[in-house]
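Under the working numbering, the first residue of the sequence shown is numbered -3, with each subsequent residue one higher.
Note that the Cβ used here is the ideal one computed from N, Cα and C, for glycine as well.
All values derive from a computational prediction rather than experimental measurement.
Heads up, the thing below is written out as structure tokens.
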Amino acid sequence: MTTDFNTQRRMQLLIERVADYAIYLLNPDGTVASWNAGARRFKGYTEAEIIGQHFSRFYTPADRAAGVPERALRTALEAGRFEAEGWRVRKDGTHFWASVVIDPIHDDDGQLVGFAKITRDISEKKLAREALRRTEEQFRLLVDSVIDYAIYMLSPEGFVTTWNAGARNIKGYQAIDVIGTHFGRFYTEEDRRNGLPDRVLATAREHGRYHGEGVRVRKDGTRFRADVVVDAIRDADGRLLGFAKITRDVTQRVQLEEARKALQHAQRLEAVGKLTGGVAHDFNNILQVIGGSLQLLGSSLAGQQAPQRHLQMALTAVDRGAKLSSQLLAFARRQPLQPYVLNPGRVVGGMEDLVRRAVGEHVEVETVVSASLWNATLDPHQLENVVLNLAINARDAMPGGGKLTVELSNTMLDDTYVSAAHEVPPGQYVLLAISDTGTGMPPDVLERAIEPFFTTKGEGQGTGLGLSMAFGFVKQSGGHFRIYSEVGHGTTIKAYFPRALEAEQTLPDPVAGEVRGGTETILVVEDDPNVQATVVGMLTELGYQVLRADNAEVALAVLKAGVRCDLLFTDVVMPGKLKTTDMVRQAKALQPALKVLYTSGYTQNAIIHGGRLDPGVELLSKPYRREKLASKVRQLLGTQGQAPAAPVAPGARPVPTGPRVLLVEDDAQARELYRDILLSAGFQADEAGTGQEALDLLARERYQAAVVDYSLPDLDGLTLARRIVAGHPDVAIVFASGYGSLVAGVSDITSRVLTKPFTDLQLKQALLAAVGEQDEATRRA
């Protein structure tokens, strides 16, 4: 008995001293029967104030009116316990949020003795829960309002459990369409077959996160490029609750990045193209000098077998260099094209035997041309070069043999394709596809495949220009070029040429036959003195009368001086303010019957636009052989003045027809040199060693210009020049002196002053300019 009493006493003391819980007893009718320290602290009442009072006074008026206290006791009796949370009222009238437990108490006979009631103030907990709820609601609203990101939850098995506005916007589904369905529906059919959705979840489950990019599918079936993050969500015990998935449509970013890379690549190729084009120009000039000089040399070695053999070997090397230069120009898109409306199938089909011989017996060749193949506007010769070069590349990629397939078909490039391809308009194209079963190319090699001189072949096995040339030709023809390659599976090169709606043109037959020259007068305009010398030599051997000019200004001055020419043979790219095309236009105005033949190793855009020669333009690309030059010149001049080509007699010189010039120079050697220079340039020249000889000649002959030296034995050049101006005002004066323009009074007579020593070019330019100015002054007078 004493032990039970002590136990009860200890329990009473324990309950009495608990301050965090209000623990008290209620009588069966709900009145308060006991009160502990926690009750005093929470409720604010003392035992004297509350014992015997009904516990409903702790409830709000609204709860009392609703019968909440009575229902609480009834529930405790019926269910054995009542648990709830709600607002309660302290003595001072303030409210707090309480967690309440009421248990019924029965005696040994089962009779209700009362109720044990435990109340805890959880106001702070409620506030924290409320704050958390508000935070979760704000986060939910935030996530749901994001429209640039698809943010949604997946179950551990991958089924969609939430869906935000961004998901609706990006994927096109409403929440009702996808919640409860597997997220694999957003993947392509190929990715689903390959098990990608399962691998994504497995990665997130094992490593906590998956991050990657790929193609996803919208509700309407369209595809987009997606950046995807999947995070595993776990509880405090590490149990997997599901996955948080964030998807962003990065199609535009990827397209911009691809466009940026394409632009950088194009700019790099453009820079390399300009460099190679410039190199090709200089290289072609060098080859022209070498080739032309060798052919001129060949005339003097006729009948000498050994020297002729070496000569032919050298000319063959020049041809190889010319081919290399041509490939450089093709890459730089500066190769002069002479396109025709043609059927590519007929061109490619006609070279099938050539392709078979080029690739060898160990490579099977199949040519497939679609029925009703469209026409395209192409240079047939360059198209053949492209096919042959690509076939040889394919052969080299199949050292153990394989199959080469050449296909031609009609195709359409739509807006979807061109939006990703860049620099190609949508429309109808003729597709040339050349495929091999060779070794293929890894991505790093594929990226540089069209760069000139880039090659993976061994030394001496290739120049690395085949693909470069093909790329340049296709782009210059207005087409589109793509390379597809996979290591171990081969390579496919696709060239798309715009469809031509015009009817197919008849291709010209190759010109062949005897090399013929003529007797007409040709004005050669070339700034490179070595090239000029070889060209003049070849034309002279062909029997023509040849005048020469070092730039466009000099050439125009020759024509303005009244020299009649039958053909103007001019380089396209030359220094000076006057452009070649402007010079040609003015020359044609002076002499409408004048034929014009351009030549160049690098045309830039002077006479070529859109990859094609301008209408009516005739071009002979450097380097060229004597036979090609002779053929092209006769083609333009016609047959009236032609004659079989034959070397001119040693020392023979065409009769000059240009301006007549009086050379006044006391040094006989200098006088002879100046005369030869002027005669070679087409001038007529007379000589005088003294001032008096000059005056005597002026009295008998008519001259357009006089070159006057300052130091003469009988009178100074300045005095002679004044007498010429006074007596013959239509004669242009060019003053020559070691003192140059420092001679007092010379500027009153002429602005054309040559300071010794001067070059033949300076002499010719000064004379032509002076004659042109004099003629202009005479016309104005």
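With respect to I430, A372 sits apart: the two C-beta atoms are not nearer than 9 Å.
Assignment of T576 by DSSP, reduced to helix, strand and coil, places it in the helix class. In the three-state DSSP reduction, P494 falls in the strand class (E or B). Inside the stretch 521 to 596, DSSP marks whole beta strand (DSSP E) runs of 3 or more residues at positions 541 to 545, 563 to 567 and 591 to 596, from first to last along the chain. Secondary structure at A163: helix, using DSSP grouped into helix, strand and coil.
When secondary structure is reduced to three states using DSSP, H377 falls in the helix class. Under the three-state reduction of DSSP, I388 is assigned to helix. Out of R36, I143 and L714, the CA that lies nearest to the CA of T686 is found in L714. Counted as a single uninterrupted DSSP element, the alpha helix (DSSP H) harbouring F38 occupies residues A33 to K39. For P439, the secondary structure class from DSSP, reduced to helix, strand or coil, is helix. Of the residues assessed, D440 falls on the exposed side of the cut-off, its CB having fewer than 16 other CB atoms within 10 angstroms. Distances from the CA of Q378 to each of V351, V361 and V343 were compared; the closest alpha carbon is that of V343. For Q680, the uninterrupted beta strand (DSSP E) run begins and ends at Q680 to A684, by DSSP. About 6 Å separates the beta carbon of V28 from that of Q49, a gap short enough to meet the 8 Å contact definition.
Where R718 is concerned, the enclosing alpha helix (DSSP H) starts and stops at G713 to G723. Between A717 and V657 the beta-carbon gap is near 14 Å, outside 8 Å, which marks them as no contact. By the neighbour-count definition (other C-beta atoms within 10 Å, threshold 16), Q107 is an exposed residue. When DSSP states are grouped into helix, strand and coil, M309 belongs to the helix group.
Under the 10 Å beta carbon count, Q308 is surrounded by fewer than 16 other beta carbons and is classified as exposed. With fewer than 16 other CB atoms across the displayed protein chains lying within 10 angstroms of its CB, V483 is exposed. Note that the C-beta distance between V337 and V402 is not below 9 Å. Assignment of beta-bridge partners to M394 by DSSP yields no partner. Proximity of the stretch 539 to 557 to the stretch 511 to 524 meets the contact definition, three or more beta-carbon pairs being nearer than 8 Å. The shortest C-alpha to C-alpha distance from A94 to any of D103, I101, W83 and G475 is the one to W83. When only Cα atoms are considered, A310 and L293 end up about 12 Å apart. Spanning the alpha carbons of L675 and V550 requires a straight line of approximately 15 Å. With 16 or more other Cβ atoms from the protein chains shown falling within 10 Å of its own Cβ, E516 counts as buried. The three-state secondary structure of G486, taken from DSSP, is strand. Under the three-state reduction of DSSP, M347 is assigned to coil, being neither helix nor strand. Here DSSP, grouped into helix, strand and coil, assigns A29 to coil. Secondary structure note for Q631: it is in no beta strand (DSSP E), and the uninterrupted alpha helix (DSSP H) holding it is R622 to L633. DSSP places V64 inside the alpha helix (DSSP H), whose first and last residues are V64 to A75. The C-beta of T502 has fewer than 16 other C-beta atoms within 10 Å across all chains shown, which makes the residue exposed.
Beyond the five residues adjoining it in sequence on each side, Y145 comes within less than 6 Å, by CB distance, of G162, I242 and R244 in the same chain, given in chain order. Distances from the CA of Y41 to each of D567, G89 and L764 were compared; the closest alpha carbon is that of G89. About 6 Å separates the beta carbons of Y492 and L427, which is inside the 8 Å limit, making them a contact pair.
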